[in-house]
Amino acid sequence: MRRPNRPVFWITAAVALAIAAAAPAATWRVAANGADSGGCGSTATPCRTISQAIFNANPGDTILIGPGVYGDVNADGDLNDPGEENSGVPGKMIVIAEALTIVSRDGAGSTVIRGVPSAVTVSIQASNVAFGKKGRGFTVRGGAGSVGIEITPGQSAVSLMGNVVDGHPNGLGLIDGSGHQIRNNWWTTGFLQLLGSNISVRDNLFIGAGLVLQSAASTVTVDRNQVQRSTGVGIDVQGTNHLVRRNVVAMGLSGAGFRCQGTCSSVRFQDNIARRNNGHGFEILAGAGQVLQGNLASGNASSGFYVNLATAAAVTLTKNTAVNNGAAGFTFLGASDNVNLPSLSNCVSVGNQGDGIQVAGYLLVQRCNIYGNVGSGFSCGVNKTSNFGSVVAQQNYWGAASGPGPDPADQLCGQTSLIDASNPAASEIGVGVLRNP
């Protein structure tokens, strides 16, 4: 059967919609020699400010920014001069409120966004925003009391990549929402704070800076980041169900390399390195269900691994290595339950300035290499510091086939009657050691 003719206006409207749907996304250009207007953004007539290009653009468009200084152009601490940003939102210098891709032409070294005091330099208030790409990001520089980059609550699938963010004392970044990718950025002098969920933080460099997972954060993956010379804890974890793996925290000026505190629970620390920090290498202070596997703590000023839980909780440590730390290789305090107790297996505790393992409470130790530790001059492999609880330390290698004792072996110290070190291993245990990069 032949279909009846459709009205001409219906066909015209359908064609118009099809053409609009097929139209490619536009690219808007910003340059230091541009001029703002409602029609700026072409190659011939670029905009001067990023805010004007955002205002002119439509969702799905790209904004391409040339080299130069944007924001507080003359560095006088305000945005009242020609060519400076004006988002129209108090306390927010640049606001991205729709799905846009914003990249630089020549990269972060040539493209500076200078913020002002007590403001957010870049506020992302939409989902599916890409701010920077590898080799095409921005230097985002702040002032007193400022925040570098924020992603507001409720946003998803935002990408931050290829940026250098520095000089923001109230936060290099405040990342809320879910499903974000934070990759290949440099963060200097301050802290990047995560409050959201299902976020990936990967291949970033923190210099004089640190990463903080707040109590509201969940299911965050922190992978292959480097933290150097942080002024506090290098990677500080609260929240639940995180995976922290393959990170290096080195030469921290104060605090631990890695810390699990507050609401931290069901977090896995895997294949990380804490080296030469001015505190503990790994510090576990809260929660249950923590797993530490394959980590290396080397040359830290205090203990390599420090576990002190206020309430009874099972913490599992396996295939971890503590060498040449300033205090004990492994310290366990506060384990008051002989069921929900820490377990230490397939470990290496060698050459530490304190005890190989220091315990006040309950602990299970199996298949570890424990020798060459100083232990306050007594070469203590295990030092039971209190008469509460007990230690089962079987099938370990102490430096001699006969088990714990005088050199060349490490010995038992403290409340030795509460340590069961029977059935020692006759030779060194094969434990895979994570090497320094």
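Heads up, the sequence shown is in our numbering, so the first residue is 3 and it goes up one at a time. Just so you know, even glycine gets a beta-carbon here, dropped at the ideal spot from N, CA and C. These numbers were taken from a predicted model, which means no experiment stands behind them.
Beta-carbon proximity of asparagine 348 to glycine 331, cut-off 8 Å: Within the sequence shown, residue 348 is the residue found at index 346, counting from 1. Within the sequence shown, residue 331 is the residue found at index 329, counting from 1. Taking 8 Å as the Cβ cut-off, asparagine 348 and glycine 331 do not qualify as a contacting pair.
Alpha-carbon spacing of threonine 47 relative to arginine 31, whole angstroms: On the sequence shown, position 45 is the one that residue 47 refers to. On the sequence shown, position 29 is the one that residue 31 refers to. Approximately 8 Å between the Cα atoms of the pair.
Beta-carbon contacts of glycine 43 that lie in its chain and below 7 Å, excluding the five residues immediately before and after: For the purposes of this step, residue 43 is taken as the residue at position 41 of the sequence shown. By the criterion of a C-beta distance shorter than 7 Å, glycine 43 is surrounded in its chain by Trp30, Arg31, Cys49, Ala55, Asn58, once the five residues flanking it on both sides are discounted.
Coarse secondary structure for asparagine 58, derived from DSSP in three states: Mapped onto the sequence shown, residue 58 falls at position 56. Helix.
For serine 300, three-class secondary structure by DSSP: As a working mapping, residue 300 is identified with position 298 in the sequence shown. Strand, per DSSP.
Segment limits, beta strand (DSSP E) that includes aspartate 238: The count along the sequence shown starts at 1 and reaches residue 238 at position 236. Unbroken beta strand (DSSP E) run through aspartate 238: 237-239.
Valine 114 versus isoleucine 177 - alpha carbon distance: Numbered from its first residue, the sequence shown carries residue 114 at position 112. Numbered from its first residue, the sequence shown carries residue 177 at position 175. A direct Cα-to-Cα measurement between valine 114 and isoleucine 177 gives close to 21 Å.
Contact under 8 Å by Cβ, threonine 333 with valine 293: For the purposes of this step, residue 333 is taken as residue 331 along the sequence shown, with counting starting at 1. For the purposes of this step, residue 293 is taken as residue 291 along the sequence shown, with counting starting at 1. Going by C-beta atoms, threonine 333 is not nearer than 8 Å to valine 293.
Sub-8 Å separation of glycine 1 and asparagine 375 beta-carbons: Because the chain here runs from 3 to 439, residue 1 falls outside it and cannot be looked at.
Member of Glu430, Ala121, Ala211, Asn310 whose CA lies at the smallest distance from the CA of phenylalanine 284: Mapped onto the sequence shown, residue 284 falls at position 282. With respect to the C-alpha of phenylalanine 284, the residue from Glu430, Ala121, Ala211, Asn310 having the closest C-alpha is Asn310.
Closest Cα partner of arginine 138 within the set Asn60, Ser220, Leu162: Along the sequence shown, read from residue 1 onward, the residue named residue 138 stands at position 136. Comparing Cα positions, the closest option is Leu162.
Cβ shell of serine 220 (< 6 Å), same chain only, five flanking positions each side left out: The sequence position of residue 220 within the sequence shown is 218, counting from 1. Listed in chain order, the non-local C-beta contacts of serine 220 below 6 Å within the same chain comprise Ser199, Gly241, Thr242, Asn243, local neighbours out to five positions each way being set aside.
Residues near glycine 234 by beta carbon distance below 7 Å, same chain, minus five either side: Taking the first residue of the sequence shown as position 1, residue 234 is located at position 232. Excluding sequence positions up to five before and after glycine 234, its CB lies within less than 7 Å of the CB of Gly212, Ser256, Gly257, all in the same chain and listed in chain order.
CB contact flag (valine 350, threonine 323, <8 Å): Position 348 of the sequence shown, counting from 1, holds the residue named residue 350. Position 321 of the sequence shown, counting from 1, holds the residue named residue 323. The Cβ atoms of valine 350 and threonine 323 lie closer than 8 Å to each other.
Delimiting residues of the beta strand (DSSP E) encompassing isoleucine 67: Start at 1 with the first residue of the sequence shown, and residue 67 comes out as number 65. It spans 64-67 - the beta strand (DSSP E) in which isoleucine 67 sits, taken as one unbroken run.
Asparagine 310 - partner residues in DSSP beta bridges: As a first step, residue 310 must be located in the sequence shown, where it is residue number 308. Paired residue(s): Leu335.
Integer-rounded CB distance, given that asparagine 82 should sit under 8 Å from serine 53: For the purposes of this step, residue 53 is identified with residue 51 of the sequence shown, where counting begins at 1. For the purposes of this step, residue 82 is identified with residue 80 of the sequence shown, where counting begins at 1. Rounded, the Cβ-Cβ distance is 14 Å, inconsistent with contact.
Residue from Ala146, Trp188, Gly179 whose Cα sits closest to the Cα of asparagine 172: Walking along the sequence shown from the start, residue 172 turns up at place 170. When each option's Cα is compared against that of asparagine 172, the closest is Ala146.
Threonine 45 versus isoleucine 104 - alpha carbon distance: By 1-based counting over the sequence shown, the position of residue 45 is 43. By 1-based counting over the sequence shown, the position of residue 104 is 102. Each residue's Cα considered, the two are about 16 Å apart.
Coil, strand or helix - threonine 14 by DSSP: The sequence position of residue 14 within the sequence shown is 12, counting from 1. Confidence at threonine 14 is low in this model, with a pLDDT of 47, below 50, so its placement is unreliable and the value that follows should be read with caution. In this structure, threonine 14 counts as helix in the three-state DSSP scheme.
Any alpha helix (DSSP H) of 4 or more consecutive residues that is wholly inside the region 172-206: As far as the region 172-206 is concerned, it has no whole alpha helix (DSSP H) run of at least 4 residues.
As assigned by DSSP and simplified to three states, the class of alanine 287: As a working mapping, residue 287 is identified with position 285 in the sequence shown. Looking at the sequence shown, residue 287 is not alanine but leucine. In the structure shown, leucine 287 sits in coil (DSSP, three-state: anything other than H, G, I, E or B).
CB of cysteine 382 within 8 Å of CB of glutamine 417, strictly: Along the sequence shown, read from residue 1 onward, the residue named residue 382 stands at position 380. Along the sequence shown, read from residue 1 onward, the residue named residue 417 stands at position 415. No, the pair does not count as a contact, with Cβ atoms beyond the cut-off.
Identity of the residue in Glu86, Asp38, Ile67, Ala402 nearest threonine 134 by Cα: Here residue 134 refers to the residue found at position 132 of the sequence shown. A small correction: the amino acid at residue 134 is glycine; threonine does not occupy that position in the sequence shown. The candidate whose alpha carbon is nearest that of glycine 134 is Ile67.
Spatially closest choice to glutamine 272 from Arg226, Ala312, Asp238, Ser300, by CA coordinates: Sequence index remark: in the sequence shown, residue 272 carries index 270 (1-based). Out of Arg226, Ala312, Asp238, Ser300, Arg226 has the C-alpha closest to the C-alpha of glutamine 272.
Every unbroken beta strand (DSSP E) within the region 134-179, with a cutoff of 3 residues, ordered by chain: Within the region 134-179, the runs of beta strand (DSSP E) at least 3 residues long that lie entirely inside it are, in chain order, 141-143, 149-153, 161-163, 166-168, 175-177.
DSSP state of asparagine 425 mapped onto helix, strand, coil: As a working mapping, residue 425 is identified with position 423 in the sequence shown. If DSSP states are grouped into helix, strand and coil, asparagine 425 belongs with coil.
Pick from Ala329, Leu196, Phe307, Gly62 that is closest to serine 345, judged by C-alpha positions: Along the sequence shown, one-based indexing puts residue 345 at 343. Closest option to serine 345, Cα to Cα, is Phe307.
Leucine 215 to leucine 245 span [Cα, whole Å]: Counting from 1 along the sequence shown, the entry for residue 215 is found at position 213. Counting from 1 along the sequence shown, the entry for residue 245 is found at position 243. So the two alpha carbons sit approximately 11 Å from each other.
Helix, strand or coil at isoleucine 431 according to DSSP, with G and I counted as helix: Your numbering for residue 431 matches position 429 in the sequence shown. In this structure, isoleucine 431 counts as coil in the three-state DSSP scheme.
Coil, strand or helix - leucine 420 by DSSP: In the sequence shown, the residue the question calls residue 420 occupies position 418. In the structure shown, leucine 420 adopts helical secondary structure according to DSSP, grouped into three states.
Separation of threonine 320 from alanine 290, as counted between CA atoms: Stepping through the sequence shown from its first residue, residue 290 is reached at position 288. Stepping through the sequence shown from its first residue, residue 320 is reached at position 318. Each residue's alpha carbon lies about 16 Å from the other.
With 16 other Cβ atoms within 10 Å as the buried cut-off, status of phenylalanine 390: What you label residue 390 is simply residue 388 of the sequence shown in a count that begins at 1. Per the 10 Å Cβ criterion, exposed.
Element boundaries [beta strand (DSSP E), containing serine 351]: Locating residue 351 in the sequence shown gives position 349, counting from the first residue. Counting along the chain, the beta strand (DSSP E) containing serine 351 begins and ends at 350-352.
Among Leu196, Gly264, Ser148, Thr190, the one whose alpha carbon lies nearest that of arginine 231: Translated into positions along the sequence shown, residue 231 becomes position 229. Residue Thr190 is the option with its Cα nearest to arginine 231.
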